[in-house]
Amino acid sequence: MTRPPRATDLTTPVELAEARQLTSEALAAALHPAYAEALGRLPVGAQAFRGIPFQFADRSDGGRWLLLDREVTVDLSGVEASHVVIAHFCDTWRDPVTGRPSDLPVGWVTPVGQELALYTLELESGRTVERTIRRRFEVNDGIVGWGQGAFASVPHPVETPL
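So in the numbering used here, the last one in the sequence shown is 163, and the numbering has no gaps at all.
Below, the structure is given as structure tokens:
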């Protein structure tokens with residue numbers, strides 16, 4: 002019998018309802034077509050990834066997804082934290098004009114190191130901390146093949162022997 006993962010009491014999920022703007026259908030239309038079916042398999046509700054609790058919107062929620070295709074602000078005022086951990090994935094790369102080459106299957110991650118986002122935290126002290134989010138470093142494609150794991154982030158599934 003497998004026990005569900007437990008979450009530590011030392012962390013708290015942040016509510017993102019005000020920032021989430023897309024339904025699953027709208028997100029599927031924005032991503033590579035291979036993601037349409039996969040989005041339905043992503044977790045909902047209370048989850049614990051590597052002991053860290055997350056609260057994902059239900060599939061019925063109108064704004065289930067937050068797409069970083071523009072500047073998005075999440076108000077963390079009043080939150081005392083030493084770290085911010087984000088559960089995220091990125092779309093598979095494709096050329097804006099010609100699309101994804103037919104000989105490059107979805108799951109093969111390229112271009113490695115492509116800058117996708119800039120996360121900025123404005124601290125109570127007035128100092129700001131910025132982190133560039135790069136493909137296959139801080140975030141991975143939502144669909145990856147064997148050997149295509151990110152270098153500087155940890156996937157949510159815990160490794161288990163087959």
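By construction, the Cβ of each residue, glycine as well, lies at the ideal position given by its N, Cα and C atoms.
None of these values were measured; they are calculated from a predicted model.
How long is the line joining the alpha carbons of V98 and L23, rounded to whole angstroms? Rounded to the nearest angstrom, the gap between the Cα atoms of V98 and L23 is 24 Å.
Heavy atom of the ligand GTP less than 6 Å from the Cβ of L17, yes or no? For the structure depicted, the ligand GTP is absent and the ligand set is empty, with no information on it obtainable.
Can you tell me whether E139 is helix, strand or coil according to DSSP? Under the three-state reduction of DSSP, E139 is assigned to coil, being neither helix nor strand.
Can you check whether the CB of A20 is closer than 7 Å to the CB of L67? Yes, they are a contact pair.
Taking the DSSP output, what are the residues bridged to Q48? Secondary-structure assignment with DSSP links Q48 through a beta bridge to F55.
What residues match up with T133 in a beta bridge as DSSP calls it? According to DSSP, T133 bridges with L119.
Mapping the DSSP letters down to three states, classify L11 as helix, strand or coil. Collapsing the DSSP output to three states places L11 in coil.
Pull up the CB-CB distance for T121 and T129, whole angstroms please, since I reckon it's below 8 Å. 6 Å between Cβ atoms; contact.
Exposed unless 16 or more other CB atoms sit within 10 angstroms - verdict on I134: By the neighbour-count rule (16 or more Cβ atoms within 10 Å), I134 is buried.
Report the rounded CA-to-CA distance for P54 versus R137, giving the unit in angstroms. Distance between the alpha carbons of P54 and R137 is about 23 Å.
CA-to-CA distance, L69 to L17, given in whole angstroms: One C-alpha to the other measures close to 13 Å.
Quick check on the DSSP output: the alpha helix (DSSP H) that includes E81 runs from which residue to which? E81 -> no alpha helix (DSSP H), and no H or E assigned at all.
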